[in-house]
Amino acid sequence: MIMNYEAQKKVITDFLHISEKAPNNFIIGAELEYFVVDSASERSISYYGKDGIKSLLEALVSKGFQPTNDDTNIVGVTNSFLAITLEPGAQFEISLNPQKSVEDLEQNCLQFMQIIE
């Protein structure tokens, strides 16, 4: 069946309206990407070693985060307001859980920064 332009437009707009949310259901999230580097040498930090990525993730587990493991290696952590996953190149992706306001999102980010300091 061949549809004319107006029929095609209606199919598309109807599809988009099905997924539309009411303003009281709007939420906003954020993802922050961090490269973990040695501040003195500016070299990337290894996964292994005394001060490696693995040690950092394990330190977060000791502060109440839940680990995410890939076989025997810890590759991320979660808590009630965020998830951290390990990306290629020892990059941390911090995904803040969606909130009703940017201010609430900011508070979760600041709370995380206090935890890691």
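Positions 142 to 258 (this note's numbering) are the ones given, in order, by the sequence shown. Quick reminder that beta carbons are idealized off the backbone N, C-alpha and C, glycines included.
If we count the other Cβ atoms within 10 Å of its Cβ and call it buried at 16 or more, is L173 buried or exposed? exposed
V178 and I186 closer than 8 Å at C-beta: yes
My output table needs one value for V177: the three-state DSSP class, helix, strand or coil. coil
Which one of L237, E258 and I257 has the shortest CA to CA distance from Q248? L237
Just to confirm my understanding: we take Q207, look at its own chain, exclude 5 residues before and 5 after, and list those with CB closer than 8 Å. What are they? Here Q207 has V218, T219 and N220 as same chain residues with Cβ atoms under 8 Å from its own Cβ, once five neighbours each way along the sequence are excluded.
What do you get for L309, buried or exposed, if any count of 16 or more other CB atoms within 10 angstroms of its CB means buried? An answer regarding residue 309 cannot be provided, because it is not within the stretch 142 to 258 covered by the chain.
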